[in-house]
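Here is the structure we will look at, set down as structure tokens.
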Amino acid sequence: KSEKRLRRFVAFSADHFDLDIEDMTSDRRPAILIKPRHVSMALACTKLGFTLQEVADVFSRTCHGSVINARDKVFRDKELSGMADRLWSSWEFKEEKRRELREKIYKSPEESEKGQRLIAKIKRLRGELKQACREFDEL
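Residue numbers (the working numbering): 94 to 232.
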């Protein structure tokens with residue numbers, strides 16, 4: 094768990110709900126922000142495993158009581174629960190794609206096709222160099 098991951102989730106949530114991240118994490122309480130903020134806070138502590146206080150800090154809440162309230166509301170209210178399910182599904186899909194991309198980028202040369210071809214070429218050239226050295230020594 095890292096604060097960076099939590100902030101990435103908050104940014105993803107804001108984007109998912111078509112809001113600015115500053116609005117999601119501000120202490121303002123217009124009606125348009127309440128449900129998305131509650132859903133994001135609830136998922137941050139229940140699914141991502143952040144502490145109530147860590148979530149409260151990122152969402153600019155003075156105490157973790159706001160996060161407890163949000164969490165309880167989300168799991169009592171059918172609409173909020175549905176919003177949470179959709180957000181979580183989107184997050185998991187995005188994180189899976191992110192992992193796949195990271196694996197492609199950081200894959201060791203031995204595991205990639207291009208890496209395999211390069212390794213084979215290097216071995217072939219080494220063999221040719223050894224052969225050329227033996228022929229030179231025989232001269």
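Glycine included, every Cβ here is placed at the ideal spot set by N, Cα and C.
**Message:** Can you look up T118 in the DSSP assignment and give me helix, strand or coil?
**Reply:** Look at T118 here: in three-state DSSP terms it is helix.
**Request:** Helix, strand or coil for F102, going by three-state DSSP, please let me know.
**Result:** Here F102 sits in helix by DSSP.
**Message:** Closest to R100 by C-alpha separation, out of K190, S183 and I114, would be which residue?
**Reply:** Among K190, S183 and I114, the Cα nearest to that of R100 is on I114.
**Asked** With a cut-off of 8 Å, do at least 3 Cβ pairs link the region 131 to 145 to the region 165 to 182?
**Response** Flag = yes, the region 131 to 145 and the region 165 to 182 touch.
**Item:** Beta-carbon proximity check, P118 vs V151, cutoff 8 Å
**Value:** Here the sequence assigns Thr to residue 118, which means Pro is not the residue at that position. In this structure, T118 sits near V151, with a CB-CB distance shorter than 8 Å.
**Asked** On the premise that P129 lies in contact with L112, defined as a C-beta separation below 8 Å, what is that separation, rounded to the nearest angstrom?
**Response** Going by Cβ atoms, the distance from L112 to P129 rounds to 6 Å, so yes, they are a contact pair.
**Request:** In the DSSP assignment, find the unbroken alpha helix (DSSP H) run with D150 in it and report its ends.
**Result:** Secondary structure note for D150: its alpha helix (DSSP H) is the uninterrupted segment L145 to V151.
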